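Structure record follows, encoded as structure tokens.
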Amino acid sequence: MPSPSAAMEPVSEILDEILGSSNIEKRRQEDAAMTIQRAWRKKVAARSRSKLFDPDTRWKDAAIHAQMQVDRQGADRGRNDPKTRWKRAAFLAARLQDDNSMYEKDTPEHGIPAEEKILETQHWLELVDAYVDKLLLNAIRLDIYEI
């Protein structure tokens, strides 16, 4: 005895012939369904992302990324005078302890943990150390400073 699905196959073929449905039409319908599903997934993903980032956070993030891009382009174009380099360094160092409002709920109320403070100090010392070394080398070379 044939299965019910096997019995339905000839019926669906007959309906396809009557309705004029072809493989091309089926393919178009499948493509349309996939496009709709893709659009729906994008909408759901955007909605879930918007819950994470409030408008103020998105504006701040966009401003930071724009400043980074401008700084990078300036460096690529040769704007590497000391003042500009220090501005870029200060901007990037400030990003290490950036006020990220997205994570405010997770941060402790009693302040910055000691490990983060030590890391912040270490980064600043490394940044300043290279500059001081360069100054000392120039001073020694010009006989302004003796060891």
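FYI, in UniProt numbering the residues of the sequence shown are 1 to 147.
Note that CB positions come from ideal geometry on N, CA and C, so glycine has one too.
Keep in mind it's a predicted model, so treat the numbers as computed, not measured.
Residue i, enclosing alpha helix (DSSP H) - first and last residue
{"i": "D76", "result": "P55 to D76"}
{"i": "R79", "result": "From DSSP, R79 is part of no alpha helix (DSSP H); its letter is neither H nor E."}
{"i": "D129", "result": "A114 to R141"}
Neighbourhood of residue i by C-beta distance below 7 Å, restricted to the same chain and skipping five residues each side
{"i": "D106", "result": "Confidence is the limiting factor: at D106 the pLDDT is only 49, short of 50, which leaves the residue's position unreliable and the question unanswerable from this model."}
{"i": "H123", "result": "A93 and L96"}
{"i": "E120", "result": "L96 and Q97"}
Cutoff 6 Å; reference residue i; Cβ partners in own chain excluding five residues on either side
{"i": "G74", "result": "none"}
{"i": "D81", "result": "none"}
Whole-Å CB distance - residue i paired with residue j, under 8 Å assumed
{"i": "F91", "j": "D71", "result": "7 Å"}
{"i": "A89", "j": "L127", "result": "6 Å"}
task: For the stretch 59-70 and the stretch 37-51, state whether three or more C-beta atom pairs, one from each stretch, are separated by less than 8 Å.
output: no
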